[in-house]
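*Asks:* Have a look at this one.
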Amino acid sequence: MASTLLTSQFTLYPSRIRVINFNSLSFLPIPTRYIPSQLSARSSMSQQTEVTQNDDVVMKSSTSTSTTTDVLVQYVVLRRDLIDTWPLGSVVTQGCHASVCAIWLHKDDPYTMEYCSLDNIDSMHKVTLEVKGQTQITNLSEKLTAAGIDHKLWIEQPENYPTCLATKPYPKSLVSSFFKKLKLCK
């Protein structure tokens, strides 16, 4: 008996991919800025992508003088006072809770879908930062909320106080300004 190959045909459009498979037709929404099949050479922090008006993706080095856009990144912010007083594993766990929760809450968001796509699952970009304490993390959360930046402020129970914060994935250029004054977590 001869085996058959399962194949699909992909046709790119500026805001969706048409998947034709076994006479069924479905549309998958994707962000117009990121077209997964055209980003086969993965972006990194030093290599960025640009989508032109014709929806062509151009890879540019960060040292290039041309205009570029950023890679998708998730910011995780931990409290320094907890890092100094809690076991390291407990603080890391808080960051994991916030990160997973932020992604899950926004699982249907185009940036999150691209960030978690099979093409990018092994090259996720996260930036882990720190603030001094509870007041600073609460203020940062309020600032992000006011600006419409989706994030999760993780509230540890039963203590009922904020331990960390994580954004959903965003292009770095859209959110980096909110975090530029924070220190990298060490």
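Counting from 1, position 167 in the sequence shown corresponds to residue 206 in the numbering used here; the numbering is continuous, with no gaps.
Quick reminder that beta carbons are idealized off the backbone N, C-alpha and C, glycines included.
Predicted, not measured: the structure shown is a model, and the values here were computed from it.
(1) Is it buried or exposed, THR202, if we count other Cβ atoms within 10 angstroms and call 16 or more buried?
(2) How long is the line joining the alpha carbons of LYS219 and CYS135, rounded to whole angstroms?
(3) Among ILE122, LEU179 and ALA137, which has the Cα closest to the Cα of GLN113?
(4) Please identify the residue among LEU157, TRP143, LEU111 and LYS222 whose C-alpha is closest to the C-alpha of VAL170.
(5) Determine whether the beta carbon atoms of PRO208 and THR151 lie at a separation below 7 Å.
(6) If you follow the beta strand (DSSP E) that LYS165 is part of, which residue opens it and which one closes it?
(7) Taking GLU153 as part of the beta strand (DSSP E), name the residues at either end of that continuous run.
(8) Excluding sequence positions up to five away, which residues of its chain have a Cβ less than 8 Å from the Cβ of VAL166?
(9) Determine the closest residue to SER180 out of ARG118, VAL110 and ASP109, with distance taken between C-alpha atoms.
(10) Near TYR154, which residues of its chain fall below 6 Å by C-beta distance, leaving aside the five closest residues on each side in sequence?
(11) Since ARG118 sits in a beta bridge, which residues does DSSP pair it with?
(12) Exposed or buried, which one is TYR73 when buried takes at least 16 other CB atoms within 10 Å?
(13) Using only the alpha-carbon positions, how far apart do ALA186 and SER215 sit?
*Replies:* In short, the structure shows the following:
(1) That one is buried.
(2) One C-alpha to the other measures close to 22 Å.
(3) Per the Cα distances, ALA137.
(4) Nearest C-alpha to VAL170: LYS222.
(5) Cβ atoms of PRO208 and THR151: closer than 7 Å.
(6) 165 to 170 is the span of the beta strand (DSSP E), which, as asked, contains LYS165.
(7) That residue, GLU153, is in no beta strand (DSSP E); its alpha helix (DSSP H) goes 149 to 154.
(8) Hits under 8 Å: VAL112, GLN113, TYR114, VAL115, PHE218 and LEU223.
(9) Shortest Cα-Cα distance from SER180 to any of ARG118, VAL110 and ASP109 involves ARG118.
(10) Closer than 6 Å at the Cβ level, and outside the excluded window around TYR154, lie LEU111 and PRO208.
(11) Answer is VAL170, bridged to ARG118.
(12) The pLDDT assigned to TYR73 is 43, lower than 50, so where the model puts this residue is not dependable; a value taken from the coordinates is nonetheless given after this. TYR73 is buried by the Cβ-count criterion.
(13) Spanning the two alpha carbons is a distance of roughly 13 Å.
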